[in-house]
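Trainee: Next up is a structure, given as structure tokens.
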Ligand SMILES: [Zn+2]
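Take a look at the structure:
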């Protein structure tokens, strides 16, 4: 795709190319193929949120995609996350030091239950342990991104000083206010929930789909409220997880932000700027969104699709 910061269409938008702040390149196919799909979708950089025992180490990524790896996630033996976690016999300090690109991924809770609304898989780290991880990470020059669901755990994570909350199902408005005040980023990964409603694999019962719907509808409400409060939202897809394909899910996540009631220009701003701020990436390269100006296809499509939805047509 051509990059031309000079070209600016009067009717177009010129934005930095967006980034996906939460992917799993080691899941859902060959890592290099997965990376190509992100690049083809128009994304400039992705943050990989956990590769089992560092299985992505040494992989050559397709240019010009920037891949930021957390390395293996910190989880406790016997709890959720061995498939993307650190199973090595190392100390916490050693594990944190092995995170290659400035971010440590911590699994604080399990997954959201599809059988009982509001239920979340067990907590892995106590409040004190999480604080200690954040402290050790900071001492090693790393920030913490935390997989977390349930409001109590989200609140503890914010108080512990993490950089970003990932997922954050059942977060409460007051916790969002704390996040806005403290500048904590939120990657809600709502497509990973909403996509399950379609259930192409026939994996879920009708009752489970009702719970899934309730989960994601509530999540959309919190996303809209977070935006209103000024929480730094980012677009992260959780792609590679079940029913969340690499690349195209970026558009899906953006569309869901629009479904939440956030205006299209704001969603584009979130996509273009907030992820870069979280990942500490420079503002460029620019991309111009317009048919006549070498568009990145995903943004052109997303803009059209989102505008159509806002005007009530399909
Ligand atoms: Zn994930």
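Residue numbers (my numbering): 19 to 332. Glycine included, each C-beta is placed from N, C-alpha and C at the ideal position. Values in this document were obtained by computation on a predicted structure and should not be read as measured data.
Could you check where the alpha helix (DSSP H) with residue 232 kicks off and where it finishes?
Mentor: Element bounds for residue 232: 224-247.
Trainee: Closest to residue 48 by CA distance: which of 38, 35, 80, 37 is it?
Mentor: For residue 48, the nearest C-alpha among the options comes from 80.
Trainee: Let's see if you can read the secondary structure: which residues bound the beta strand (DSSP E) around residue 63?
Mentor: From DSSP, the beta strand (DSSP E) with residue 63 extends over 63-66.
Trainee: Can you give the beta carbon distance from residue 38 to residue 207, rounded, assuming they're within the 8 Å contact cut?
Mentor: Actually they do not touch by this definition, with Cβ atoms about 10 Å apart.
Trainee: Just the residues with CB closer than 5 Å to a heavy atom of ligand 1, in chain order, which are they?
Mentor: With the cut-off at 5 Å, the residues found are 67, 256.
Trainee: If distances are taken between C-alpha atoms only, which option among 210, 214, 193 comes closest to residue 203?
Mentor: Cα-wise, what sits closest to residue 203 is 193.
Trainee: How far does the beta strand (DSSP E) with residue 123 in it extend, from its first residue to its last?
Mentor: Run containing residue 123: 121-125, per the beta strand (DSSP E) assignment.
Trainee: Tell me where the alpha helix (DSSP H) around residue 84 begins and ends.
Mentor: First-last for residue 84: 84-87, but that is the beta strand (DSSP E), not the alpha helix (DSSP H).
Trainee: Counting along the chain, where does the alpha helix (DSSP H) carrying residue 177 start and finish?
Mentor: Unbroken alpha helix (DSSP H) run through residue 177: 169-178.
Trainee: Do residue 213 and residue 252 count as a contact pair if the criterion is CB distance below 8 Å?
Mentor: Against a cut-off of 8 Å, the Cβ pair of residue 213 and residue 252 comes out as no contact.
Trainee: Would you call residue 35 buried or exposed, if buried means 16 or more other Cβ atoms sit within 10 Å of its Cβ?
Mentor: It is buried - the Cβ of residue 35 has at least 16 other Cβ atoms within 10 Å.
Trainee: Just the C-alpha distance for residue 46 and residue 170, rounded to the nearest angstrom, thanks.
Mentor: Their Cα atoms are separated by approximately 31 Å.
Trainee: For ligand 2, I want to know if residue 109 counts as a neighbour, meaning its beta carbon is within less than 7 Å of at least one of the ligand's heavy atoms.
Mentor: You won't find ligand 2 in this model; what it holds is ligand 1.
Trainee: Below 6 Å CB to CB, which residues in the same chain sit around residue 155 once its five sequence neighbours on both sides are set aside?
Mentor: Only 114, 122, 162 meet the Cβ criterion.
Trainee: DSSP three-state label for residue 116, please.
Mentor: Note: residue 116 maps to coil in three-state DSSP.
Trainee: In the DSSP assignment, find the unbroken alpha helix (DSSP H) run with residue 295 in it and report its ends.
Mentor: Counting along the chain, the alpha helix (DSSP H) containing residue 295 begins and ends at 293-297.
Trainee: Just the Cα atoms here: how many angstroms apart are residue 237 and residue 74?
Mentor: Cα to Cα, residue 237 sits roughly 31 Å from residue 74.
Trainee: Rounded to whole angstroms, what is the Cα-Cα separation between residue 227 and residue 130?
Mentor: Taking the straight line joining both Cα atoms gives about 13 Å.
Trainee: What residues match up with residue 138 in a beta bridge as DSSP calls it?
Mentor: According to DSSP, residue 138 bridges with 130.
Trainee: Specify whether the region 77-94 and the region 103-118 touch according to this definition: at least 3 beta carbon pairs, one from each stretch, less than 8 Å apart.
Mentor: Yes: the two stretches touch, three or more of their Cβ pairs being nearer than 8 Å.
Trainee: Please report the residue range of the alpha helix (DSSP H) in which residue 264 lies.
Mentor: Looking at the DSSP string, residue 264 is not in any alpha helix (DSSP H), and its letter there is neither H nor E.
Trainee: Just how far apart, CA to CA, sit residue 42 and residue 243?
Mentor: When rounded, the distance between both Cα atoms is 27 Å.
Trainee: Between which two residues does the beta strand (DSSP E) harbouring residue 162 extend?
Mentor: Note, residue 162: beta strand (DSSP E), 161-166.
Trainee: Less than 8 Å between the beta carbons of residue 51 and residue 87, yes or no?
Mentor: In this structure, residue 87 does not lie closer than 8 Å to residue 51 by Cβ.
Trainee: Go ahead and label residue 159 buried or exposed: buried means 16 or more other beta carbons lie within 10 angstroms of its beta carbon, across all protein chains shown.
Mentor: The residue is exposed, with fewer than 16 neighbouring Cβ atoms inside 10 Å.
Trainee: Once the 5 residues before and after residue 166 are set aside, which same chain residues still bring their CB inside 8 Å of it?
Mentor: Hits under 8 Å: 126, 127, 172, 175, 183, 184, 185, 186.
Trainee: Just how far apart, CA to CA, sit residue 181 and residue 209?
Mentor: Roughly 22 Å separates the two Cα atoms.
Trainee: In whole angstroms, give me the CA-to-CA distance for residue 151 and residue 108.
Mentor: Distance between the alpha carbons of residue 151 and residue 108: 14 Å.
Trainee: Comparing C-alpha positions only, which one of 286, 294, 298 sits nearest to residue 245?
Mentor: Residue 245 has its Cα closest to that of 286, out of 286, 294, 298.
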